[in-house]
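Asker: Have a look at the structure that comes next, please.
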Amino acid sequence: MFGLSAKDTRFLLIVVFLTLATPILLQPFPETSSLAQFNAGYPDLMQKFAIFGIFAIGFNILFGLTGYLSFGHAAFLGVGSYTVVWMYKLLGYNVLPGLVLAVIISALFALLIGFISLRRSGIYFSILTLAFAQMSYNLAYSVLTPITNGETGLQVYSNDPQILMGENSPTSPHLFGLVMRDSVQVDVGGWLFTFNIGYYFCAIIAILAFYISLRIFRSPFGMMLRAIKTNQTRMNYTGLNSRPYTLAAFVISGMYAGLAGGLLASMDPLAGAERMQWTASGEVVLMTILGGAGTLMGPVLGAGFIKYCENIFSKINDGVLHGWFAFMPDGLEDFVIALIHPFVGKGWHLTLGILFMLVVIFLPGGLVEGGQRLARLFRRKRKAGGPSRKDPEHRPNPEPHVAE
Amino acid sequence: MEAIILQILNGLDKGSAYALIALGLTLIFGTLGVVNFAHGALFMIGAFCAVIMQRLLGLSFEMVDETKTDFLGNPLKVQVPYVESWFGPELGGAIINWSVPLGIALAIPVMIVLGFVMERGLIKHFYKRPHADQILVTFGLAIVLQEIIKYFFGANPIQTGAPDMLSGSFDFGTMLGFDPNVIIYPLWRLVYFLFALFIIAGVFAFLQFTTFGMVVRAGMADRETVGLLGIDIDRRFTIMFGLAAAVAGLAGVMYTPILAPNYHMGMDFLVLSFVVVVVGGMGSLPGAVAAGFLLGILQSFASMNEIKSIIPGIDQVIIYLVAIVILLTRPRGLMGRKGVMED
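From first to last, the protein sequence lines are chains A and B. The first sequence: position 404 = 410 (the numbering used here), numbered continuously. The second sequence: position 6 = 10 (the numbering used here), numbered continuously.
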């Protein structure tokens, strides 16, 4: 189906199901229970899952397939956001023109930056992309203030033209009348499920993005990119010019980033320069590596994992901790809370840093590899020593060697 | 002419910081072949050594002063730092006042130990891993170090002043024969520049004129052969890592009067220092130093109003622009060696 093998179709259908059922799956605890802290089924966070999922999927097409580590992808995120907000200002609150234009403009930016940066590889490529992104960030803050509104951030004012705004048009981002921030809440015996239009809009785009990336992974083009990652010199010796392929991958991933940036502005009609800072580029690198670079699901998992921790861990304060450990004797309770305190609330970055180091040290393949190792452990228990060739990077099967 | 000299002087202090950090980065890269993203965090920890020293010296106890009374006529309680009670008010006050330079005494052992622990505990296991993994794990380490500092010292910048004697500014122009009050330069920046020169000269002399340095240079050129000659090169490289950490730490200690330290100052400097290293050429020590000063001075020229009015915004992007141009025209940077990070 959809030009995919039976296995991939099953995979895609599972992903579609999981994405559409997210508002239910992420709400496992009743609203009144003390574990409701861990519920993630509220619109703001679910939208972030989908959007940063798209961002990481796109980054993975570049980094996971070709091995070029870009430290400047946040620039495209920022460009996408600015474009969408400008379309709000000029045309009106319909998100569609903005999103289309965001993809086009970020593709142009990516073409320019990629054309220059891809002349070098390795760490030089990383530094070049970093330099471009930092230049965009600094300029957005200073000289380009007429376009970007500097530190305040770009937003819609009441005296903007908005020529397509009708009398009854909604006054917040919408898609032909479907207002993004509207949601339906369903209360099922203590469980509160929120079905948000903005989330489903992002989710459908994310599924499309995932499908496209799946097709790229399985295509001859994807095979070529993987060959470049494996050994670029040998590719060049066979007489192949690898730059058009890497440039195409760079532009595609730039378009994904622009789309993600546009969606961020579609959910919340604001755009600020801090979206372009290099820490934002670093974040998408963290997501991709944490989940598993070069795998299909890894980046999405990594994006979800980081955004979940960011929102949930940072909400846990001392009051919540006291609530959890109230059953302990007083001295012990204070001691345990003092131990946990640095890692939650404002200190959740510490947890992230430690987790990230542990993943890089012990699980270079990310969460996906961790899952596969666990699965292999269980399978081995059932039937000892079956051939289980797990291949997170989807490499072609090796030819059997003649002499062996 | 005066304006040009002033801008060169202004660029020197930032350039010195870039040069010192880039020197440490290059030392680590040249010896161990590791791209260390935690180097900015080491700079930051050095700066906080000065803060710790200031707090240590400021530790005080409460004493009833019989000579002074408050408005009710009761004897006044005053805070007396231990240092003042030990050495007398004058010498003690001077010691507290000099807390930033004294921070060096704390920073050197702390940074060397930290460098050893980092290398033996973490980096050692990453020699055989790809550069991307090294970047990522040190990046994670930088986040952890930053957050630890933030936990203990808070997120706000902490003011740490230079000694009174060195905190003023002086008229540099009169020394060169210009009119007075044309080139006014803060004294501490000059101290920082001289200090940086001293450290850089020290590192180069150490590598050039000692047997230890000779072995290290040989190891940088061909690690395997040196190992085959029966020299324990790993131990020497560990010491070099400690030395590089100490250089970054010292750069941080002395920078505190120029920029009040906060927990993310390391990251801000790291990005620029990496650009500096790449511009200078990966693995080239003189290149790193030269590029550091060059970019620092260029940056201060670009922030002149005359130049900003011709090309608006140039002060924000000049370093990156120069980096892009140099990387595209001279692929190995200014003084890069052949065969270093070519893959």
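Just so it is clear, CB atoms sit at the ideal spot from N, CA and C, and this is done for glycine as well. Since this is a predicted model, take the numbers as computed values, not measurements.
For residue 275/A, return the contacting residues in chain B, with the cut-off set at a CB-CB distance below 8 Å.
Answerer: For the purposes of this step, residue 275/A is taken as the residue at position 269 of the first sequence. Result: empty, since nearest Cβ-Cβ is about 27 Å, beyond 8 Å.
Asker: Per DSSP, residue 66/B is paired with what?
Answerer: Numbered from 1 along the second sequence, position 62 holds the residue referred to as residue 66/B. According to DSSP, residue 66/B bridges with 83/B.
Asker: Would residue 31/B and residue 244/B qualify as a contact pair, given that the criterion is a beta-carbon distance under 7 Å?
Answerer: By one-based count along the second sequence, residue 31/B stands at place 27. By one-based count along the second sequence, residue 244/B stands at place 240. A contact, by the Cβ cut-off of 7 Å.
Asker: To the nearest angstrom, how far is it from the Cα of residue 235/A to the Cα of residue 73/A?
Answerer: In the first sequence, residue 235/A corresponds to position 229, counting from 1. In the first sequence, residue 73/A corresponds to position 67, counting from 1. Their Cα atoms are separated by approximately 5 Å.
Asker: Indicate whether the contact test is met: 3 or more Cβ pairs, each with one atom in the stretch 208-217 of chain A and one in the stretch 46-61 of chain A, closer than 8 Å.
Answerer: In short, these stretches touch, since the Cβ pair count reaches three.
Asker: Between residue 123/B and chain A, is any beta-carbon pair separated by less than 7 Å?
Answerer: The count along the second sequence starts at 1 and reaches residue 123/B at position 119. Residue 123/B does not count as touching chain A.
Asker: Under 6 Å Cβ to Cβ from residue 289/B, same chain only, skipping five residues before and after it: list those, please.
Answerer: Working through the second sequence from its first residue, we reach residue 289/B at position 285. If we look at residue 289/B and ignore the five residues flanking it on each side, its Cβ neighbours are 30.
Asker: Residue 136/B to residue 11/A, Cα distance in whole Å?
Answerer: Position 132 of the second sequence holds residue 136/B. Position 5 of the first sequence holds residue 11/A. Cα to Cα, residue 136/B sits roughly 33 Å from residue 11/A.
Asker: Which ranges does the alpha helix (DSSP H) cover as unbroken runs of at least 4 residues, wholly within the stretch 7-64 of chain B, from first to last along the chain?
Answerer: With a minimum length of 4 residues, the continuous alpha helix (DSSP H) runs that stay inside the stretch 7-64 of chain B are 43-62.
Asker: Check the Cβ-Cβ distances between residue 137/A and every residue of chain B, and say whether any is below 7 Å.
Answerer: For the purposes of this step, residue 137/A is taken as residue 131 along the first sequence, with counting starting at 1. Yes, residue 137/A lies at the interface with chain B (some Cβ there is under 7 Å from its Cβ).
Asker: Taking all protein chains shown into account, do 16 or more other C-beta atoms lie within 10 angstroms of the C-beta of residue 173/A, making it buried, or fewer, making it exposed?
Answerer: Within the first sequence, residue 173/A is the residue found at index 167, counting from 1. Exposed, by the Cβ-count rule.
Asker: With DSSP run on the structure shown, which of helix, strand or coil describes residue 390/A?
Answerer: In the first sequence, counting from the first residue as 1, residue 390/A sits at position 384. Reliability of the predicted coordinates at residue 390/A is poor, the pLDDT of 49 falling under 50, and no value is obtained from them.
Asker: Residue 151/B versus chain A: which residues are under 7 Å apart at the beta carbon?
Answerer: Walking along the second sequence from the start, residue 151/B turns up at place 147. Going along chain A in sequence order, the residues near residue 151/B (Cβ under 7 Å) are 353, 355, 356, 359.
Asker: From what residue to what residue does the beta strand (DSSP E) around residue 200/A run?
Answerer: Position 194 of the first sequence, counting from 1, holds the residue named residue 200/A. From DSSP, the beta strand (DSSP E) with residue 200/A extends over 197-202.
Asker: Between residue 292/B and chain A, is the shortest Cβ-Cβ distance under 7 Å, so that the two count as touching?
Answerer: For the purposes of this step, residue 292/B is taken as residue 288 along the second sequence, with counting starting at 1. Judged by the 7 Å Cβ criterion, residue 292/B is not in contact with chain A.
Asker: Along chain A, which residues have their Cβ under 8 Å away from the Cβ of residue 328/B?
Answerer: Stepping through the second sequence from its first residue, residue 328/B is reached at position 324. Per Cβ cutoff of 8 Å: 122, 134, 137, 138.
Asker: Determine which residues of the stretch 293-324 of chain B have a Cβ less than 7 Å from any Cβ of chain A, and write them out in chain order.
Answerer: Against chain A - using a Cβ distance shorter than 7 Å - the residues of the stretch 293-324 of chain B are 316, 317, 320, 321, 324.
Asker: Quick test of the definition: if touching needs 3 or more C-beta pairs under 8 Å, does the stretch 99-110 of chain A touch the stretch 257-272 of chain A?
Answerer: The stretch 99-110 of chain A vs the stretch 257-272 of chain A: in contact.
Asker: Using Cβ-Cβ distances below 8 Å, what residues of the stretch 253-284 of chain B are close to chain A?
Answerer: The residues in question are 271, 275, 278, 279, 282.
Asker: May I ask you to verify whether the stretch 129-142 of chain A touches the stretch 319-335 of chain B, counting CB pairs closer than 8 Å and requiring at least 3?
Answerer: Touching, yes.
Asker: Taking a contact to mean a Cβ-Cβ separation below 7 Å, would you say residue 125/B touches residue 257/B in this structure?
Answerer: Position 121 of the second sequence, counted from the start, is the residue given in the question as residue 125/B. Position 253 of the second sequence, counted from the start, is the residue given in the question as residue 257/B. For residue 125/B and residue 257/B, no; Cβs fall outside 7 Å.
Asker: What in chain B is Cβ-close to residue 148/A, meaning under 7 Å?
Answerer: The residue you call residue 148/A lines up with position 142 of the first sequence. Result: 317, 320.
Asker: Against chain B, with Cβ distances strictly below 7 Å, would residue 317/A count as a contact?
Answerer: Within the first sequence, residue 317/A is the residue found at index 311, counting from 1. Judged by the 7 Å Cβ criterion, residue 317/A is not in contact with chain B.
Asker: Three-state secondary structure (DSSP) at residue 408/A?
Answerer: Mapped onto the first sequence, residue 408/A falls at position 402. With a pLDDT of only 49 at residue 408/A, under the threshold of 50, the placement of this residue in the model should not be trusted, and no figure is reported.
Asker: Does any CB atom of chain A fall closer than 7 Å to the CB of residue 25/B?
Answerer: Numbered from 1 along the second sequence, position 21 holds the residue referred to as residue 25/B. It does not: the Cβ of residue 25/B has no partner Cβ on chain A nearer than 7 Å.
Asker: Kindly say whether residue 348/A, judged by its beta-carbon, lies nearer than 7 Å to any beta-carbon of chain B.
Answerer: Within the first sequence, the letter at position 342 stands for residue 348/A. Interface residue, yes.
Asker: Go through its chain and collect everything with a Cβ distance to residue 312/A's Cβ below 6 Å, but skip five positions before and after it.
Answerer: Within the first sequence, numbered from 1, the residue matching residue 312/A stands at position 306. If we look at residue 312/A and ignore the five residues flanking it on each side, its Cβ neighbours are 293.
Asker: Name the one or two DSSP bridge partners that residue 193/A has.
Answerer: Taking the first sequence and counting its residues from 1, the one referred to as residue 193/A is at position 187. 198/A.
Asker: Does the stretch 63-77 of chain B come close enough to the stretch 6-22 of chain B to have 3 or more Cβ pairs within less than 8 Å?
Answerer: They do not touch, by the three-pair rule.
Asker: CA-CA distance, residue 21/A and residue 210/A?
Answerer: Within the first sequence, numbered from 1, the residue matching residue 21/A stands at position 15. Within the first sequence, numbered from 1, the residue matching residue 210/A stands at position 204. If you take the alpha carbons of residue 21/A and residue 210/A, they lie about 11 Å apart.
Asker: Determine which residues share a DSSP beta bridge with residue 185/A and list them.
Answerer: In the first sequence, counting from the first residue as 1, residue 185/A sits at position 179. BP columns for residue 185/A point to 180/A.
Asker: Could you give the distance in angstroms between the alpha-carbon of residue 100/A and the alpha-carbon of residue 177/A?
Answerer: Here the question's residue 100/A lines up with position 94 in the first sequence. Here the question's residue 177/A lines up with position 171 in the first sequence. Between residue 100/A and residue 177/A, the C-alpha separation is close to 10 Å.
Asker: Kindly indicate if chain A contains any beta-carbon less than 7 Å away from that of residue 147/B.
Answerer: As a first step, residue 147/B must be located in the second sequence, where it is residue number 143. True, the Cβ-Cβ gap to chain A drops below 7 Å.
Asker: Return the residues of the stretch 264-290 of chain A that lie within a Cβ-Cβ distance of less than 9 Å from chain B, sorted by chain order.
Answerer: The stretch 264-290 of chain A vs chain B, Cβ under 9 Å: 284, 285, 288.
Asker: I'd like to confirm the pairing. Which residues does DSSP put opposite residue 100/A in its beta bridges?
Answerer: Within the first sequence, residue 100/A is the residue found at index 94, counting from 1. Residue 100/A pairs with 180/A.
Asker: Determine contact between the stretch 163-182 of chain B and the stretch 248-256 of chain B, defined as no fewer than three beta-carbon pairs at a distance below 8 Å.
Answerer: Counting Cβ pairs under 8 Å, fewer than three are found: no touch.
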